[in-house]
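J.: Pasting in a structure now, in structure tokens, and then I'll have a few things to ask.
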Amino acid sequence: MKRLAAVFVLIFACVSMLTAITPVWATGPGGFKRADAQSPAPITPSQRGAAARQFVLKWGAYVQQTYGVSVRTWALRLAPQFAGADPINVRAALERETFEGAMAALDGVGHRLSDDRVINILARLPDGVTIDKSRLVAKALGDTTQDLVYNPITPCRIVDTRNMPAGAIPASESRNFIGAGLSNYGAQGGSATDCGMQLQAPSALALNVTAVFPNGAGYATVYPYNVTRPETASVNYAAGDIVNNAIITAIPTPVGNFDFTIYTFAQAHYVVDIVGYFDNPRSSPVNCVNGPFTDLTIAAGATGVVSANGACPAGYGSASVNCESASWDMPLAYLSGNSCAARNNGASPALLRAGWRCCRIPGR
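Letter 37 of the sequence shown, counting from 1, is numbered 422 in this note's numbering, and no numbers are missing.
Right, dumping it as structure tokens:
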């Protein structure tokens with residue numbers, strides 16, 4: 386929570402400056418210098434806040450002009466993402482020269498989307514594209530949504546129109562809702578808690594959507610906010626039904642005023658429970674062990690080459706070769722591939738060893 390609080394404080398501080406947004410790098414207390422951008426060192430909550438401020442100052446005007454999302458809304462909804470991002474991803478995002486590339490870097494998939502590729506794709510978009518640009522860019526850059534990981538959560542109510550002043554959604558109308566990043570969902574008729582989603586910036590939501598007492602037969606469609614409504618049905622109902630269905634809906638990139646929209650053919654109340662979300666995998670430390678060594682005794686005054694021939698343990702792959710000399714008088718001459726070479730300058734035989742350093746990414 387300290388991370389999120391620090392990010393919110395500095396974002397609020399910069400919102401008042403949004404009439405003069407320019408790409409900047411902060412070098413004052415808590416900021417990042419360009420030389421520090423690739424550092425794997427942890428960052429403090431105040432540094433996260435400074436990074437978020439830099440990011441908003443750099444890209445806020447572009448987001449508003451290109452994607453039609455107000456700078457204030459985008460900045461405040463960006464806070465949870467900066468609060469939870471890996472430090473390396475935060476620094477990488479500040480280095481990028483395109484917004485789309487910067488967001489990919491912040492999500493940990495920047496290696497899939499170079500700035501040059503973004504520039505080429507945007508250059509090929511039709512002239513005069515404004516509101517549709519976000520959809521065209523999302524489609525063109527679609528591989529940034531690959532390999533998402535599903536994260537189940539305890540089901541939690543995020544929408545209940547029966548508890549909202551606006552009441553039921555009228556026939557042939559739509560209503561917009563937020564699925565992540567809120568401190569509570571009371572304004573949407575839902576839980577007074579954050580449903581465990583305040584610090585999440587997911588790419589898609591897993592929802593259980595219930596239509597309650599529609600006044601006629603029809604259907605509802607749940608779809609991402611600010612896109613053309615698809616001609617599909619998420620929930621089908623008859624008059625007076627209470628019927629539900631499991632729905633997965635994407636969230637706009639970048640985040641907008643809302644996350645998803647519900648359209649209803651007949652007037653009805655709607656109840657929405659979030660049961661999980663999809664996001665990029667979280668970074669995991671590489672797990673490494675030493676594989677078996679192969680030994681070679683080198684006579685005094687002689688040279689020798691020994692190769693790492695032992696297999697890595699199951700589930701591990703060879704990452705590098707380890708070379709060990711048993712004598713200070715036998716320095717390594719070179720190492721190449723799986724081989725180590727040395728010359729024994731001592732007066733007695735000495736042992737040279739070669740073995741694999743074996744690594745794996747933790748997981749099932």
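Here a beta-carbon is modelled for each residue, glycine too, at the ideal position from N, C-alpha and C.
Going by DSSP in three states, arginine 742 sits in which element: helix, strand or coil?
T.: strand
J.: Would you call the segment 465–478 in contact with the segment 432–446, where contact means no fewer than 3 C-beta pairs closer than 8 Å?
T.: yes
J.: Which residues bound the alpha helix (DSSP H) around alanine 487?
T.: Taken as a continuous stretch (DSSP letters only), the alpha helix (DSSP H) holding alanine 487 covers 484–491.
J.: Starting from valine 640, trace the beta strand (DSSP E) both ways and give me its first and last residue.
T.: Neither: valine 640 is in no beta strand (DSSP E) and is coded neither H nor E.
J.: Give the list of continuous alpha helix (DSSP H) stretches no shorter than 4 residues that lie fully inside the segment 685–749.
T.: none
J.: Would you call glutamine 432 buried or exposed, if buried means 16 or more other Cβ atoms sit within 10 Å of its Cβ?
T.: buried
J.: Less than 6 Å separating the Cβ of leucine 463 from some heavy atom of the ligand SAM?
T.: Although the ligand SAM was asked about, the structure shown includes no ligands whatsoever.
J.: Is cysteine 673 buried or exposed, if buried means 16 or more other CB atoms sit within 10 Å of its CB?
T.: Exposed: under 16 other Cβ atoms inside 10 Å.
J.: By Cβ distance below 7 Å, which residues in the same chain neighbour glycine 661 in space, the five residues on each side in sequence not counted?
T.: If we look at glycine 661 and ignore the five residues flanking it on each side, its Cβ neighbours are Tyr535, Asn536, Pro537, Ile538 and Ala591.
J.: Leaving out five residues on either side along the sequence, give the residues of the same chain with a beta carbon under 6 Å from the beta carbon of glycine 566.
T.: Arg462 and Pro465
J.: Using only the alpha-carbon positions, how far apart do aspartate 492 and asparagine 665 sit?
T.: 7 Å
J.: If I measure Cβ to Cβ from threonine 682 and keep anything under 6 Å in the same chain, skipping five residues before and after, which residues do I get?
T.: Pro734 and Leu736
J.: To the nearest angstrom, how far is it from the Cα of alanine 605 to the Cα of leucine 533?
T.: 26 Å
J.: Going by DSSP in three states, serine 559 sits in which element: helix, strand or coil?
T.: strand
J.: Which same chain residues end up closer than 6 Å to threonine 458 when comparing Cβ atoms and leaving out the 5 residues on each side of it in sequence?
T.: Asn642
J.: Grab me the residues of glycine 552's own chain with a C-beta within less than 7 Å of its C-beta, minus the 5 sequence neighbours each way, in chain order.
T.: Cβ neighbours of glycine 552 beyond the five flanking positions: Thr546.
J.: Could you give the first and the last residue of the continuous alpha helix (DSSP H) run that contains isoleucine 675?
T.: In the sequence as displayed, the identity of residue 675 is asparagine instead of isoleucine. Counting along the chain, asparagine 675 falls outside any alpha helix (DSSP H), though it belongs to the beta strand (DSSP E) covering 672–683.
J.: Just checking my contact of asparagine 630 with serine 619 at CB under 8 Å: how many whole Å lie between their CB atoms?
T.: 6 Å
J.: Given this structure, state the Cα-to-Cα distance separating glycine 740 from glycine 686, to the nearest angstrom.
T.: 24 Å
J.: Is there contact between the segment 712–728 and the segment 632–651, where contact requires at least three CB pairs shorter than 8 Å?
T.: no
J.: Leaving out five residues before and five after leucine 584 in sequence, what residues of the same chain have Cβ atoms less than 7 Å from its Cβ?
T.: Leu389, Pro465, Ala468 and Gly469
J.: Can arginine 745 and asparagine 707 be called in contact, C-beta distance under 7 Å?
T.: Taking 7 Å as the Cβ cut-off, arginine 745 and asparagine 707 do not qualify as a contacting pair.
J.: Identify, in the order they occur along the chain, each residue of the same chain with its Cβ nearer than 6 Å to the Cβ of cysteine 725, setting aside the five sequence neighbours on each side.
T.: Val691, Cys708 and Ala739
J.: Going along the chain, which residues of its own chain have a beta-carbon closer than 8 Å to the beta-carbon of phenylalanine 663, five neighbours each way excluded?
T.: Leu533, Val534, Tyr535, Asn536, Pro587, Ser588, Ala589, Leu590, Ala591 and Ile633
J.: Over what stretch of residues does the beta strand (DSSP E) that includes asparagine 474 continue unbroken?
T.: Annotation for asparagine 474: no beta strand (DSSP E) segment contains it, though the alpha helix (DSSP H) segment containing it runs 472–480.
J.: Which residues in the same chain as glycine 571 place their Cβ atom closer than 7 Å to its Cβ, once the five residues preceding and following it in sequence are excluded?
T.: Ala577
J.: Using only the alpha-carbon positions, how far apart do aspartate 680 and threonine 688 sit?
T.: 14 Å
J.: With a threshold of 7 Å between beta-carbons, can threonine 595 be considered close to chain D, or not?
T.: Of the chains in the structure shown, none is chain D; there is only one protein chain.
J.: Assign threonine 451 to buried or exposed, taking buried as 16 or more other Cβ atoms, counted over all protein chains shown, within 10 Å of its Cβ.
T.: buried
J.: Is aspartate 501 helix, strand or coil by DSSP?
T.: helix
J.: Would you report the Cα separation of asparagine 569 and aspartate 501, rounded to the nearest angstrom?
T.: 40 Å
J.: Am I right that cysteine 541 and isoleucine 659 are in contact with their C-beta atoms under 8 Å? What's the rounded C-beta distance?
T.: Correct: roughly 6 Å between the Cβ atoms.
J.: Glycine 434 by DSSP, collapsed to three states: which one?
T.: helix
J.: Applying the criterion that 16 or more other CB atoms from any shown protein chain within 10 Å of the CB defines a buried residue, is glycine 575 buried or exposed?
T.: buried
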